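Single-structure report; data block below.
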Amino acid sequence: MEKKHVSAFALYQNALLASTPEVKTSTVKITAKKRKENGIQPPKSIKKTKRKQMGKQVIKAAQREKSVERLAEVISNSRERASKLFQWLIHPIPSKSFFRDTWEKKPVLIKRQNPDYYTGLFSTAEFDCILRQDDVQYGVNLDVTSYTNGKRETHNPPGRALPFTVWDFYESGCSLRMLNPQAFSSTVWNVLSILQEHFGSMAGANVYLTPPGTQGFAPHYDDIEAFVVQLEGKKHWRVYNPRSENEVLPVVSSPNFSQSEIGKPILDVVLEAGDLLYFPRGFIHQGDCLSDAHSLHITVSSYQKNSWGNLLAKVVPAALEMAMEDDVDFRRGLPVDYLTYMGVQNSDKEDPRRAQFLSKIEGLMKKLSTFAPVDAAVDQKARDYLHDCLPPMLTAEERASSVQGAPSRWQDGEAVDMGVAIRGQTRVRLVRSGIARCHEFLIHAYPKFVTVGSLPCELAEDKVSLAELLFERGLIHTAEPLQRS
0 MEKKHVSAFA
10 LYQNALLAST
20 PEVKTSTVKI
30 TAKKRKENGI
40 QPPKSIKKTK
50 RKQMGKQVIK
60 AAQREKSVER
70 LAEVISNSRE
80 RASKLFQWLI
90 HPIPSKSFFR
100 DTWEKKPVLI
110 KRQNPDYYTG
120 LFSTAEFDCI
130 LRQDDVQYGV
140 NLDVTSYTNG
150 KRETHNPPGR
160 ALPFTVWDFY
170 ESGCSLRMLN
180 PQAFSSTVWN
190 VLSILQEHFG
200 SMAGANVYLT
210 PPGTQGFAPH
220 YDDIEAFVVQ
230 LEGKKHWRVY
240 NPRSENEVLP
250 VVSSPNFSQS
260 EIGKPILDVV
270 LEAGDLLYFP
280 RGFIHQGDCL
290 SDAHSLHITV
300 SSYQKNSWGN
310 LLAKVVPAAL
320 EMAMEDDVDF
330 RRGLPVDYLT
340 YMGVQNSDKE
350 DPRRAQFLSK
360 IEGLMKKLST
370 FAPVDAAVDQ
380 KARDYLHDCL
390 PPMLTAEERA
400 SSVQGAPSRW
410 QDGEAVDMGV
420 AIRGQTRVRL
430 VRSGIARCHE
440 FLIHAYPKFV
450 TVGSLPCELA
460 EDKVSLAELL
470 FERGLIHTAE
480 PLQRS
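Under numbering that gives the first Met the number 0, the first residue of the sequence shown is numbered 0, with each subsequent residue one higher.
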């Protein structure tokens, strides 16, 4: 028997909604003839008993999350928390061996025979709840798609995606793709905000809900590392090798392929609830739903534009700027007649001047590497990461000891409790390990709390001012909630 697990994201996540409205089937009739013309099998409607089961699953998941929420503070180091969550995601494969043997190299399938493994992460019940309660916009937050007779189509109307219309599309055999579930689901937000610290790269997600007997997307490859987490039902997946070396770890995603362009699959599997499928960027894939079950999965993604080449794109221009400033060889003029023997039109000519010109370029390129400001470029890359990544979801204790939990409020016609005291003996630390690259002392001290008085500023008032600034910006929190001054 498989050992009972506790989902790592549950360690410091608030409970999900305790109740969910019923999913009402659309009253708009979609004829069997139309479904047949589209190559779509008529899906089974969601029964009332099924809806009740969905609601019970959400309540059960919420209760489980609440019961372990107090364990959050056991893992106070955000790096360790991220490592544990990733290990939970790919269990039973050890994280170290995954990155050594599988990452960016080949797909891997994890079959668990445990449909409840990912329970609480996302559900069709929560999908419906989001449609009812939030401003979900077609094309921005939700895509309606189909893939029939080799043709991929998007059916997005303008405006808000209301449940009546969305579920009618679903009953017609269309797939639903929620593009940014982290904007609506605190659980998904929480999971991604933790995982991004493990990857050192923005983590994103899409949710896919597919009716029985249908396919929503054409074969294609992506520019991200993909973790397909099967949440409900089951789905048939086929994965194919990159077609050439030029498509290994691609910079951009591919267009849609026809079946004749992709060859034979290297992996042909059915994912059931609790299973995981990973494939690197560049691996072509397609998924279709079996006739006897719907499918709900979430694809967690990362490592978009996070290659050596992307780093060098920041290093090389900066290195060239420094080289031209410091080394006269980079400032010397080009030969007056170089246009007569260089360029594509002259590339086939045997001219000793070409060899001399290319040798000069090679020498300058070697010299250029000595000017490479690698650390500064890494800091620029980190700045991009901080710009793109999700803000952390704070625990109750962290919130109470941060600017988000400050007691300031409006009462009886005036702002009250505005003053909170940060003093030299106040203990502080960064909210998360990678939340900023602003202050060496605090970065290296994490996860330990340090006193404001130990900050490396000359004057005591400067130490307090720095701490107040970082506190107000939400970058640090205190060991204990601050008291009014």
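All residues carry an ideal CB built from backbone N, CA and C; glycine is no exception.
In this text the structure is predicted, and so the values were computed from the model without any measurement.
- By the neighbour-count definition (other C-beta atoms within 10 Å, threshold 16), F121 is a buried residue.
- For N155, same chain residues with a beta-carbon under 7 Å away, outside a window of 5 residues either side, are Y137, G138, D142, V143 in chain order.
- Cα atoms of S243 and P254: separation of roughly 15 Å, rounded to the nearest angstrom.
- For R159, the pairing in a beta bridge is given by DSSP as Q136.
- Around the beta carbon of R428, 16 or more other beta carbons lie within 10 angstroms, which makes this residue buried.
- Secondary structure at L270: strand, using DSSP grouped into helix, strand and coil.
- N148 sits in coil when the DSSP states are folded into three classes, being neither helix nor strand.
- Taken through DSSP and simplified to helix, strand or coil, K234 comes out as strand.
- Ranked by how close their Cα comes to the Cα of A399, the residues G473, N189, G172 have G473 in first place.
- Burial state of E125 is buried, judged by a 10 Å Cβ sphere holding 16 or more other Cβ atoms.
- At the C-beta level, E467 and I421 come within 8 Å of one another.
- A residue is called buried when at least 16 other Cβ atoms come within 10 angstroms of its Cβ; M341 meets this threshold and is buried.
- Cβ neighbours of Q379 within its own chain (closer than 6 Å, five residues either side excluded): K313.
- In the DSSP annotation of this structure, V107 is not part of any alpha helix (DSSP H); the continuous beta strand (DSSP E) holding it starts and ends at 107 to 109.
- Within the region 309 to 388, the runs of alpha helix (DSSP H) that reach at least 4 residues and sit entirely inside it are, in chain order, 351 to 367, 373 to 387.
- DSSP lists no bridge partner for V247.
- F226 has Y277, V299 as its beta-bridge partners, per DSSP.
- Its chain contains A202, G203, A204, N205, D221, I223, E224, A225, F226 as the residues whose beta carbon lies nearer than 8 Å to that of S300, once the 5 sequence neighbours on both sides are disregarded; these appear in chain order.
- Sequence-distant Cβ neighbours of Y116 in its own chain, meaning closer than 6 Å and more than five residues away, are G273.
- Contact between R151 and A217 holds, since their C-beta atoms are separated by about 4 Å, short of 8 Å.
- The criterion of a C-beta distance shorter than 8 Å is satisfied by L84 and L194.
- In the displayed model, D291 falls within coil according to three-state DSSP, outside both helix and strand.
- Check the Cα spacing between P372 and each of A318, V228, H90: the tightest is with A318.
- Taking the CA atoms as reference points, H90 sits about 40 Å from T425.
- Here the alpha carbons of T213 and Y146 stand approximately 8 Å from one another.
- Beta-carbon to beta-carbon, V228 and F282 are separated by about 17 Å, too far to satisfy the 8 Å threshold.
- Ranked by Cα distance from S294, the first of D336, E271, V315 is E271.
- Here S184 is not near P390, since their CB atoms are 8 Å or more apart.
- Looking at the DSSP output, S174 sits in a beta bridge with T144.
- Across the structure, T153 and D267 are spaced so that their CA atoms are roughly 26 Å apart.
- Comparing alpha-carbon positions, the option among L88, F97, K104, S252 lying closest to R111 turns out to be L88.
- In the structure shown, the three-state DSSP call for R242 is coil.
- R330 places its beta carbon less than 8 Å from that of M323.
- Straight-line spacing of the CA atoms in Y302 and G119 works out to 25 Å.
- Under DSSP, H476 shares a beta bridge with R428.
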